[in-house]
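Enquirer: The structure's right below; bear with me while I get my questions together.
Next comes the structure, spelled out in structure tokens:
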């Protein structure tokens, strides 16, 4: 959140401290003046929206186009001799959980509005409407790290302090980001705005803390106090209203017309004037209880001022060192230290180290139609995560009885986390040490068993390396659930999109015309991408039996291409058509689909009208939950509606009749004589039955009222 209103004050009312510059020219002059390579430390999370640009965002992400945008951005900066280092956020600090929850619910309003527009055929305008595609925050670090070879670091929580410390200690030319806290930190002089950056010319706005201090007549070391008395991540502006009204003598006519707060152009100069009446910083730090009495009317709240000021104190002795450690051989280290080093080095994603050290799992709002009968991706993959928690439980030093999950899904209120019980793999769960020090067979076997106990019986390892992960996600969606998540023709569309030659050609992707946007296709794409984030977590736990370069979305996925095939399949295109009438593609299509079909649950017989029992919402393990009508009145209007009962899945388009001939059943729009056949085995074969553990979701001990309940038996952070 940063300092509330400070950026708008600088941009609208303090031209001396906010002015246009060209990063390239600044870098050239810096090099001539100092003789040093201009180092730019980049807050990666703040760059996602700018770098994604005008690519289609609604359909599941355009990943090759996004990689191209990042490559162009990198080339523009390095052409001026600029060296780049990137930092990304870890987990949300618990002090900001309320803010995180509020933003997720605000995001939900946008998502519901977008789906309403899609269903009424209204156009989504670029610039006015935007939502980060699922997985963007999770996989962007790997573009900088693996594609461009840049130093990339993932922090344990928010990265702003690490960025400021690194820039200060290593004499960086500047910071590129969009967080007003960078104005408060006494770090490198140049702080450039990513939001205002022209990626072609490198023109942007620079915020100047030295000029701000001169304008406000305070010193640089008093800026942290300014932040605390305006309102920041530690001290809410709502808690300062009385101080603003009485001590600063700001009457109600000073307040903004839309809320009970004074506008920053009035508030900030008055706070600065108040600071000028206080002792110098050395003395003020010894008298914070007196300041707390003036601000809060309560000396006992001085700890807030201590925490708020300490937040900006840079640790230059030890702070940035963890981002410069180069340990080639980690085999002799404690497992926690090994995981920490790989986490910081951005190899493992965000979740593994987070869970191992006892912090919650987070899943943000995604582009899902919360009023549809499709489940939420966060819930679909919860049973997979429960298996990973059991592996981590064996290596966690402080115990790991249950894992709290803050997930936005259909019916979630985010009042409290879901508490998820770790679940043992059917053949027994290895520890993290055993996996990381074990042979490839153990890593593969664990990876496959976590998806489904029968997955190892397939020929998945014979597929091209970049097809293994997407097929694994499909297998999980279709074979590891009580019912397949996707309809048969939707699975056809997805496989065709993986194999499409169009996906490898950016010009062809740009030329694809989508006559309309299908709401269900948007939701399906979001589930797939949520699955990819969870599969990457699984691969990290198993020490990557599939290499990282084959487990990233640009290796097999483009949302626009998928949407193109989805619309074709929905309109009745046959498999030959989806394979572009190319034998090589058709052969691969058959190979991929025949890995999945034999292991799908048999179709559920349709009940006679009037005899259907009242449906109940399912938990990830299939255990029924309390019906949503029991808490309708207590759920906030911003909560996503509970998922309606799932419709009966359409019967498979590909079945085997008694004569051994392949026939189709009429309900699927994709009826094809070229549908793949599975080596004489019946397609309706029942899946391998494994003992069903109890539902991993339990009620949090914090739940004390019906209002706090969520559809996952207990109500409840990314960009992924």
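Numbering (this note's numbering), first residue to last: 1483 to 2202.
By construction, the Cβ of each residue, glycine as well, lies at the ideal position given by its N, Cα and C atoms.
Note that the structure is a prediction, hence the values are computed from the model and not measured.
(1) Helix, strand or coil: which one does DSSP assign to residue 1608?
(2) First and last residue of the alpha helix (DSSP H) that includes residue 1659?
(3) Taking the beta strand (DSSP E) that residue 1887 belongs to, which residues open and close that run?
(4) With a cut-off of 8 angstroms, do at least 3 Cβ pairs link the stretch 2032-2041 to the stretch 1880-1889?
(5) Taking the CB atoms as reference points, tell me whether residue 1849 and residue 2004 lie closer together than 7 angstroms.
(6) Secondary structure at residue 1625, three-state DSSP: helix, strand or coil?
(7) Could you tell me whether the stretch 1689-1706 touches the stretch 1742-1749, where touching means 3 or more Cβ pairs closer than 8 angstroms?
(8) So, for residue 1484: in the same chain, excluding its five sequence neighbours on each side, which residues have a beta-carbon less than 6 angstroms away from its beta-carbon?
(9) Note the first and the last residue of the continuous beta strand (DSSP E) segment covering residue 1636.
(10) With a 10 Å radius around its C-beta and 16 neighbouring C-beta atoms as the bar for buried, classify residue 1989 as buried or exposed.
(11) Going by DSSP in three states, residue 1674 sits in which element: helix, strand or coil?
(12) What did DSSP end up calling residue 1901 once you bin it into helix, strand or coil?
(13) Can you check the stretch 1804-1852 for any beta strand (DSSP E) of at least 3 residues that lies completely inside it and give the ranges in chain order?
(14) Does DSSP put residue 1725 in a helix, in a strand, or in coil?
(15) Helix, strand or coil for residue 1686? Go by DSSP, reduced to three states.
(16) Once DSSP output is grouped into helix, strand and coil, what is the label at residue 2102?
(17) Quick one: what's got a C-beta closer than 8 angstroms to residue 1797's C-beta in the same chain, skipping five residues either side?
(18) Grab me the residues of residue 1761's own chain with a C-beta within less than 8 angstroms of its C-beta, minus the 5 sequence neighbours each way, in chain order.
(19) In chain order, what residues of the same chain have a beta carbon less than 6 angstroms from the beta carbon of residue 1766, not counting five sequence neighbours either side?
(20) Can you list the beta strand (DSSP E) stretches of 3 or more residues lying completely in the stretch 2015-2039, in chain order?
(21) How far does the beta strand (DSSP E) with residue 1500 in it extend, from its first residue to its last?
(22) Please return the same chain residues whose Cβ sits closer than 6 angstroms to the Cβ of residue 1841, not counting the five positions on each side in sequence.
(23) State yes or no: is the C-beta of residue 1565 within less than 7 angstroms of the C-beta of residue 1519?
(24) Would you give the residue range spanned by the beta strand (DSSP E) that residue 1523 belongs to?
(25) Going by DSSP, which residues form a beta bridge with residue 1570?
(26) Cutting at 6 angstroms between CB atoms, please list the residues of its own chain near residue 1960, excluding the five before and the five after it.
(27) Tell me which residue opens and which closes the alpha helix (DSSP H) that residue 1702 is part of.
(28) Would you decide whether residue 1919 is buried or exposed? Buried here means 16 or more other CB atoms lie within 10 Å of its CB.
(29) Could you check whether residue 1492 and residue 1500 sit closer than 7 angstroms to each other, using their CB atoms as the reference points?
(30) Can you give me the Cβ contacts of residue 1868 inside the same chain, cut-off strictly under 7 angstroms, excluding the 5 residues immediately before and after it?
(31) Quick test of the definition: if touching needs 3 or more C-beta pairs under 8 angstroms, does the stretch 1971-1979 touch the stretch 2049-2063?
(32) On the CB-based measure, 16 or more other CB atoms within 10 Å of its CB, does residue 1719 come out buried or exposed?
(33) Need the endpoints of the alpha helix (DSSP H) that residue 1948 sits in, please.
(34) Pull up the distance between the alpha-carbon of residue 1515 and that of residue 1671, whole angstroms please.
(35) With distance defined between alpha-carbon atoms, name the residue in 1980, 2025, 1749 and 1787 nearest to residue 2045.
(36) Can you grab the Cα-Cα spacing for the pair residue 1930 / residue 1643, in whole Å?
Expert: To lay it out plainly:
(1) strand
(2) Residue 1659 -> not in any alpha helix (DSSP H); beta strand (DSSP E) instead, spanning 1656-1659.
(3) 1885-1889
(4) no
(5) yes
(6) helix
(7) no
(8) 1661, 1662 and 1663
(9) 1634-1636
(10) exposed
(11) strand
(12) strand
(13) 1843-1845
(14) helix
(15) strand
(16) Low local confidence applies: a pLDDT of 39 at residue 2102 is under 50, so the model's placement there is unreliable, and no value is given.
(17) 1647
(18) 1769
(19) 1760
(20) none
(21) 1500-1504
(22) 1573
(23) yes
(24) 1521-1525
(25) 1636
(26) 1966, 2078 and 2082
(27) Looking at the DSSP string, residue 1702 is not in any alpha helix (DSSP H), and its letter there is neither H nor E.
(28) exposed
(29) yes
(30) 1902, 1903, 1904, 1905 and 2178
(31) yes
(32) buried
(33) 1947-1961
(34) 15 angstroms
(35) 1980
(36) 39 angstroms
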